[in-house]
Each structure stands twice: as structure tokens, then as C-alpha cells.
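Enquirer: In this note's numbering, the protein residues as written are 149 to 407. Here a beta-carbon is modelled for each residue, glycine too, at the ideal position from N, C-alpha and C. All figures in this text were calculated on a predicted structure; none of them were measured in a lab.
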Amino acid sequence: MTFRTKLADWLALPLVTNFVIAVILVNAVTLGLETSDAAMAAAGPLILTIDRICLSIFVIEIVLKLIAHGRNFFRSAWNLFDFVIVGIALVPNAQGMSVLRALRILRVLRVISVAPRLRRVVEGFITALPGMGSVFLLMAIIFYIGSVMATKLFGDSFPEWFGTLGRSAYSLFQIMTLESWSMGIVRPVMEAYPYAWAFFVPFILVTTFAVVNLLVGLVVNSMQDAHQEESNEKTDAYRDEVLTRLRAIEDRMNARDKV
Numbered sequence: 149m150t151f152r153t154k155l156a157d158w159l160a161l162p163l164v165t166n167f168v169i170a171v172i173l174v175n176a177v178t179l180g181l182e183t184s185d186a187a188m189a190a191a192g193p194l195i196l197t198i199d200r201i202c203l204s205i206f207v208i209e210i211v212l213k214l215i216a217h218g219r220n221f222f223r224s225a226w227n228l229f230d231f232v233i234v235g236i237a238l239v240p241n242a243q244g245m246s247v248l249r250a251l252r253i254l255r256v257l258r259v260i261s262v263a264p265r266l267r268r269v270v271e272g273f274i275t276a277l278p279g280m281g282s283v284f285l286l287m288a289i290i291f292y293i294g295s296v297m298a299t300k301l302f303g304d305s306f307p308e309w310f311g312t313l314g315r316s317a318y319s320l321f322q323i324m325t326l327e328s329w330s331m332g333i334v335r336p337v338m339e340a341y342p343y344a345w346a347f348f349v350p351f352i353l354v355t356t357f358a359v360v361n362l363l364v365g366l367v368v369n370s371m372q373d374a375h376q377e378e379s380n381e382k383t384d385a386y387r388d389e390v391l392t393r394l395r396a397i398e399d400r401m402n403a404r405d406k407v
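(1) Go through its chain and collect everything with a Cβ distance to ALA298's Cβ below 6 Å, but skip five positions before and after it.
(2) Closest to ILE215 by CA distance: which of LYS154, PHE306 and ALA396 is it?
(3) Measure the alpha-carbon distance for PHE351 versus VAL334 and round it to whole angstroms.
(4) Quick check on the burial criterion: 16 or more other C-beta atoms within 10 angstroms. Buried or exposed for ASN175?
(5) How big is the Cα-Cα spacing for THR355 and PRO342?
(6) Roughly how far, in whole angstroms, is the beta-carbon of LEU179 from the beta-carbon of ARG252, given that I think they are within contact range, below 8 Å?
(7) If the criterion is Cβ atoms closer than 8 Å, does the pair ALA225 and VAL367 meet it?
(8) With a 10 Å radius around its C-beta and 16 neighbouring C-beta atoms as the bar for buried, classify MET401 as buried or exposed.
(9) Quick check on the DSSP output: the alpha helix (DSSP H) that includes PRO342 runs from which residue to which?
(10) One question on the structure: do VAL232 and ILE210 come within less than 8 Å of each other, judged by their Cβ atoms?
(11) Keeping to the same chain, check which residues put their C-beta closer than 7 Å to that of ILE293; ignore five residues upstream and five downstream.
(12) Taking DSSP as the reference, what is the three-state secondary structure of LEU238?
(13) Please return the same chain residues whose Cβ sits closer than 7 Å to the Cβ of ASP230, not counting the five positions on each side in sequence.
(14) Can you tell which of THR392, LEU363, VAL349 and CYS202 has the C-alpha that lies nearest to the C-alpha of PRO278?
(15) Can you tell me where the alpha helix (DSSP H) holding GLY192 begins and where it ends?
(16) Please classify SER370 as buried or exposed, where buried requires at least 16 other C-beta atoms within 10 Å of its C-beta.
(17) Determine the DSSP secondary structure at PHE306, reduced to helix, strand or coil.
(18) Is it buried or exposed for VAL337, if we count other Cβ within 10 angstroms and need 16 for buried?
(19) From which residue to which residue does the alpha helix (DSSP H) around LEU159 run?
(20) Which residue comes first and which comes last in the alpha helix (DSSP H) that contains ILE333?
(21) Return the CA-CA distance between LEU353 and ALA263, expressed in angstroms with no decimal places.
(22) Between which two residues does the alpha helix (DSSP H) carrying PHE321 extend?
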């Protein structure tokens, strides 16, 4: 095994991964403490020192990964993510850089790229986006139909909620989230229109329970697919490693036979 291969294997060890996760969490705490005037007054230099140590560890990790993987480092989206996040953290504290300095908290997101389970959640969500587009389109159609109906049915009596198409859509969105939907909107409307429940209850059942659960199902299926794909990649990598070692053994045996 070459030095690069050994280094890559070492970086992939659970001990190293857990250490990096611990550093990320410690750094998250220090970044939060930096927003507290009392904490900075009591232990400002110590907090800043810990922050610099954490950043130094992140930089060393990125450099080691670059040495281990070479150009292949930039072929991984997660490696690019880590590279950008650490790069932002290296921006000097100069005037006009307050936005970039505030983005240092994005370093906490590195725990996603380091922790396999969190990574699968994000990959599953991203994979589900195309399918979610169809669900969002269905949701938009339902909201448009509901907004038109609500404006025509309740707009004259309740113009602040259903006076225009936009107000109706916003009110229906509030109802979908179940935030003060009954006492805040539906019951007052039912005082003027006793059968208004026949409109609102089916709307809640369709949007809140049916369509939202459809979104959850898409994300869960995508997470399962991402997990299966990762398992297949590990199996393929292990098979390739075994084949490589078998070929090396065969070459050595052939060389001995020739001697």
C-alpha cells in the first residue's frame, strides 16, 4: 500500500471521524459564546484561542485529504463543501467582511459531511427534490382552486382574510399549518356561514395530511435509496481492494516461479 492509500484509510477511521465531529461541536459552542458580551468579557481570549485551534485542525484535515486523494478530492461534492466552508472561515477580520465573518457558523454544517447518517439524510432530501417538484405543483393547484373558491364564498364578509386571491392563499396556508386555524379563522367564518366546515375540513385533510405525507414518503424513499447506493459503493470498493490484493499475490507467486 502506498503512503496516500494508508493516509486515506487513516482519515476514514472511526476514531478520526469522531475526533473531527467533536472538534466541530466544540467550535459550534465557541462561535455561540462569541455572540455573548458577558462570555467574551469573562473569557474572550480563551474562546478566540479555542476557535483558532479548531480552525487549524480543520485546515490540517483538508490538507491531509488533499494529499491522500489528490485531484480526486475535488470530485466529491462533500469535499468541495468542506473546502468552501473552511475557506470562508479563513477570511480575515477586516472592515466590510462582517457578512463573511458571520458565515463562520456554517462550519457547524461540516458535521453533516462527516457523519454518515446525517449525510444520507441530506442526500435523500436532494434526491427527492425532482419528485417533490411534482408534489409542490399539485399543492399549488389545490391552493389556487381553494383560494378562488374561498374568495368567492367568504370574501364579502371577511375581506381581511379572503378579500383577494393573495389574502385567501395566505389564510389557507395558515389553515394548512394548523396555526390558530379553528378559533382564529374557521369558527368566526362558521358564525356567518354555518356550512363553511364543508370547505375547510376537506382542504385540511387533503393538504395537511395527504400531500404533506406524500412529501415525507418521497424523502424517506430517497433516503433508503441513498443508503442502498452507499452500501453498494462500499461493497464494490471492498471487492476491488480484494481483487487488487489477489493480483498482487498472484504476481509475487509468478515472480517466484520464474526464479
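Expert: Taking the geometry as given:
(1) PHE310 and SER316
(2) LYS154
(3) 12 Å
(4) buried
(5) 22 Å
(6) 6 Å
(7) no
(8) exposed
(9) PRO342 -> no alpha helix (DSSP H), and no H or E assigned at all.
(10) no
(11) none
(12) coil
(13) ILE210, ARG258 and SER261
(14) LEU363
(15) 185-217
(16) buried
(17) coil
(18) buried
(19) 151-159
(20) Looking at the DSSP string, ILE333 is not in any alpha helix (DSSP H), and its letter there is neither H nor E.
(21) 37 Å
(22) 313-324
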